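As structure tokens, the structure follows; a few thoughts come after it.
Protein chains: 2
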Amino acid sequence: MRITIVGVGLIGGSIGLAARERLGADVTGWDPNPAALDTACARGALDRGAASLEEAVNAAEVVFAAAPVGQLPATVERVLAAMPADCVVTDVGSTKRSVVAAIDDPRFVGGHPLAGAETAGVEHARGDLFQDAVWYLTPTHATTGTGFERLHRLLRGLGALPTTIDAATHDTMLAAVSHLPHAIANVMVAQAARALEEESEQLPATGPSFRDATRVAGANSAIWTDIYLANRDALIERIDDATRRLTEFRRLLEDGDASAVTAWNDGARDDRRRLLEAQLAGGPLHELRASVPNEPGVIARLALELGRAGVNITDMALYPAPNQAEGVVALWIAGDEPAERALALIEQQGFPVAEA
Amino acid sequence: MRITIVGVGLIGGSIGLAARERLGADVTGWDPNPAALDTACARGALDRGAASLEEAVNAAEVVFAAAPVGQLPATVERVLAAMPADCVVTDVGSTKRSVVAAIDDPRFVGGHPLAGAETAGVEHARGDLFQDAVWYLTPTHATTGTGFERLHRLLRGLGALPTTIDAATHDTMLAAVSHLPHAIANVMVAQAARALEEESEQLPATGPSFRDATRVAGANSAIWTDIYLANRDALIERIDDATRRLTEFRRLLEDGDASAVTAWNDGARDDRRRLLEAQLAGGPLHELRASVPNEPGVIARLALELGRAGVNITDMALYPAPNQAEGVVALWIAGDEPAERALALIEQQGFPVAEA
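Protein chains in written order, with this note's numbering: chain A, 5 to 360; chain B, 5 to 360.
Shown next, in the form of structure tokens:
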């Protein structure tokens, strides 16, 4: 498979390493910074660097656009204009609505791997960065089934767990579980630093709970300013919600109401347990086969419906019929109950389906 | 050394294990729950369990009161009434003003080890729990030097780093670096759980940054309700400060001001670096010897002054003169610059001092 990576930082470089090591893919790269391109080649993340974005993508089957969120729409447009007709392009941005709204092309699928660390740059790239990492995909009604399936299979090959979701839900969720926690980590180090200054005390040993809670404070501004701003409406909603909850707790403290404080704390304990339990989904693997018309958007819509119902597609494969008018899609679903739900949902969509 | 532990949970049990394993101490315990006492004996944290608090402390040299914060004043009073005249009693509560204000006795020193985890109960006790852990001590003007020095030396023997601080500063600092982070972890899991419900989405894989930020959410209410309420004024101040900072960030988002968002984020990066760097204090060890009058509070006041100036006492020893009217205190200080500062400060207090 011929893969092109536009932007060889931590994520782009790790895609290159994983694709070459695990899949024997042929990987071309381009980066506005020639030094990054050289490092990526030297580290074995690329087979070659190209002289321009256009040259890099002109024979690709899959393109990853790994630019900062603010530059994604323009970057993806340039890729689409230069890449072959049957190629699929995806991005790896941490917010999805802005790029999905800007690009109206059946060959584009929004994406976002939940991987990466505070460190950035191809020097830190690793071939196992995506092992067992959720990789969100946000196809639209226009996305082609072949492109989506090719990308989905490739991500599985990189070790990732592709999960389909719509862009707006993605951004709301990420505001809640990533962007707000990052902003609050910033607030926490700032208030701690000032509180200690005011006490004119030596800074204390802060202990593991504080270090854990603030590990992501001051994360790379080159990435995070874009993320905060691209998702600012969803993030503002989360800030308002958090402020409301904090104010509520403040009132319980003022009232000195021990049983209410306990109830509030126990509620958080339950919430945390539910969030953790939700990570542990799984079960026996089922293979479902459905017949679908060969129309743009059908596969993507199906994946989206399943994702919305909480069914994760562990793996998928598309077998087009010779007439190209229809095909069979095979879906692997983990767990008895999710597989049953998937079967019912696919039937509801009007497609013949059965367990293989 | 004869040590008594009142309340054998995670902290009390770990003190017992460390004192027996490391110092060969003779350890007696008492707990309102007889089953906890049996487990503590079976695990080797105690030499024996006593039938009552009074029986447990009647021959002790050092007593640790390891009860929930709300019960500490009453527990320490009972210990003081029953223990020998030359015994010293300390507590391990996470807030210090309430117990220090309630107890006016030269044989009491407030304490707080920065150790322990979400797990509670003697089943989880470990002899290395305090290894390299900061253990705050809050002596008052009344505290005897002999008691304070005996406790300080014992804590060093358990592997801990005793650090002297006044109770009010302790509580402000802990509100900033522990109590607020705990409260915010609760808020974070609550808003995430609700946000995901509203989207009627399956809960997502939340990623390591969210798990880190919320590890302490819903921590044991039997401990935390007391902590929140005992420190509520300091915590309310921290909540107000955090809310103000969050609201400030919200305004930057509304304005869409990229350079202001970047400046805000870079400021947090600096704050985080300073907080981390402050953990790495150290340097060559200096031994200072000062002559001090044998009066209640002298040693404690000295330790407090040094702590306030950011000088940490790595170790200390007290050598009373035969006439008991004065003595020499030896202080070990890590780092050239802190040792110099300590020398100057001790001189300022009017005590003859020199490097040994």
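Glycine included, each C-beta is placed from N, C-alpha and C at the ideal position. Bear in mind that the values here come from a model prediction, so they are computed numbers and not experimental data.
Could you check how far apart the C-beta atoms of residue i and residue j are, in whole angstroms? I think they sit under 8 Å.
i, j, result
"S18(B)", "R130(B)", "6 Å"
"L279(A)", "A196(B)", "6 Å"
"M5(A)", "E153(A)", "Wrong, their Cβ atoms sit about 13 Å apart, outside the cutoff."
"A60(B)", "V10(B)", "7 Å"
"A54(A)", "G33(A)", "7 Å"
"A272(A)", "V193(B)", "5 Å"
"L257(B)", "R242(A)", "Not quite, the Cβ-Cβ distance comes to about 11 Å (not below 8 Å), so this is no contact."
Measuring only the C-alpha atoms, how far is residue i from residue j?
i, j, result
"A12(B)", "A23(B)", "Correcting the residue type first, residue 12(B) is Val in the shown sequence and not Ala. Near 13 Å, if we compare the C-alpha coordinates of A23(B) and V12(B)."
"R124(A)", "V73(A)", "A small correction: the amino acid at residue 124(A) is Ala; Arg does not occupy that position in the sequence shown. Approximately 15 Å, taken between the alpha carbons."
"T229(A)", "A267(B)", "9 Å"
"N298(A)", "L250(A)", "51 Å"
"A234(A)", "T99(A)", "7 Å"
"V66(A)", "R111(A)", "10 Å"
"R198(A)", "D175(B)", "15 Å"
"V265(A)", "R277(A)", "19 Å"
"R157(A)", "P117(B)", "52 Å"
"D51(B)", "R215(A)", "37 Å"
"A238(A)", "M177(A)", "9 Å"
"A49(B)", "G20(B)", "4 Å"
"S295(B)", "L347(B)", "12 Å"
"R82(B)", "T147(B)", "18 Å"
"Q135(A)", "L165(A)", "8 Å"
"I40(B)", "A226(B)", "As written in the sequence, residue 40(B) is Ala, which differs from the Ile given in the question. Using only the alpha carbons, I get a separation of about 16 Å."
"L200(A)", "A223(B)", "25 Å"
"D244(A)", "D90(B)", "56 Å"
"I7(B)", "I240(B)", "37 Å"
"D274(B)", "A334(B)", "37 Å"
"V31(B)", "S213(A)", "30 Å"
"A262(B)", "A217(A)", "25 Å"
"P88(A)", "A105(A)", "22 Å"
"A179(A)", "N269(A)", "23 Å"
"P342(B)", "W336(B)", "10 Å"
"D259(B)", "V181(A)", "23 Å"
"N316(A)", "P300(A)", "21 Å"
"D35(A)", "N62(A)", "15 Å"
Using the DSSP secondary-structure output, state which residues sit across from residue i in a beta bridge.
i, result
"E359(B)", "L292(B)"
"A89(A)", "According to DSSP, A89(A) bridges with nothing at all."
"G115(B)", "L141(B)"
"P297(B)", "E330(B)"
"F68(A)", "I9(A) and T94(A)"
"T388(A)", "Since the first and last residues shown for chain A are 5 and 360, residue 388(A) lies out of range."
"D109(B)", "According to DSSP, which records beta bridges pairwise, D109(B) is partnered with nothing at all."
"Y323(A)", "V332(A)"
Under 8 Å Cβ to Cβ from residue i, same chain only, skipping five residues before and after it: list those, please.
i, result
"A246(A)", "L184 and I188"
"Q353(A)", "R305, L306 and E309"
"E351(B)", "V357"
"A137(A)", "P117, L118, A119, G163, A164 and L165"
Got a sec: does the ligand ADP put a non-hydrogen atom nearer than 7 Å to the Cβ of residue i?
i, result
"A106(A)", "With respect to the ligand ADP, the structure offers nothing, as it holds no ligand at all."
Given residue i, which residues of its chain have a CB within under 6 Å of its CB, disregarding the five upstream and five downstream residues?
i, result
"A360(A)", "E291 and R293"
"L284(B)", "Only weak support is given to the placement of L284(B): the predicted model assigns it a pLDDT of 46, under 50, and the value that follows is read from those uncertain coordinates. Answer for L284(B): no residue qualifies."
"T168(B)", "L141, A307, L308 and G311"
"N367(B)", "Given a span of 5 to 360 for chain B in the structure shown, any question on residue 367(B) remains unanswerable."
"T150(A)", "none"
"V220(A)", "H186 and A189"
"A71(B)", "G11 and T79"
Cutting at 7 Å between CB atoms, please list the residues of its own chain near residue i, excluding the five before and the five after it.
i, result
"L313(B)", "At residue 313(B) the sequence reads Ala, which differs from the Leu that was named. Correct list, in chain order: R345 and L349."
"I231(A)", "V73, S98, T99 and H183"
"R101(B)", "A171, A172 and D175"
"D3(A)", "Residue 3(A) lies beyond the stretch modelled for chain A, which goes from 5 to 360, so this question has no answer here."
"T43(B)", "V126 and E127"
"E330(A)", "S295, V296, P297 and N298"
"V302(A)", "G149 and V296"
Closer than 7 Å between beta carbons: that is the criterion. Which residues of the segment 94-108 of chain B meet it against chain A? none
Which residues, in order along the segment 167-197 of chain A, keep a beta-carbon less than 8 Å from a beta-carbon of chain B? T167, I169, T173, T176, M177, A179, A180, V181, S182, L184, P185, H186, A187, I188, A189, N190, V191, M192, V193, A194, Q195, A196 and A197
Cβ-based contacts, 7 Å cut-off: residues of the segment 121-138 of chain A near chain B: V138
Going along the segment 290-324 of chain A in order, which residues come within less than 9 Å of chain B, judged by CB to CB distance? G311, R312, A313, G314, V315 and N316
Members of the segment 232-262 of chain B that neighbour chain A once the beta carbon cut-off is set at 8 Å: Y232, L233, R236, L239, I240, R242, I243, D244, D245, A246, T247, R249, L250, T251, F253, R254, L257, E258, G260 and A262
Any C-beta of chain B within less than 9 Å: which residues of the segment 334-358 of chain A qualify? none
Can you list, in chain order, the residues of the segment 217-229 of chain A whose Cβ is nearer than 9 Å to any Cβ on chain B? A217, T218, R219, V220, A221, G222, A223, N224, S225, A226, W228 and T229
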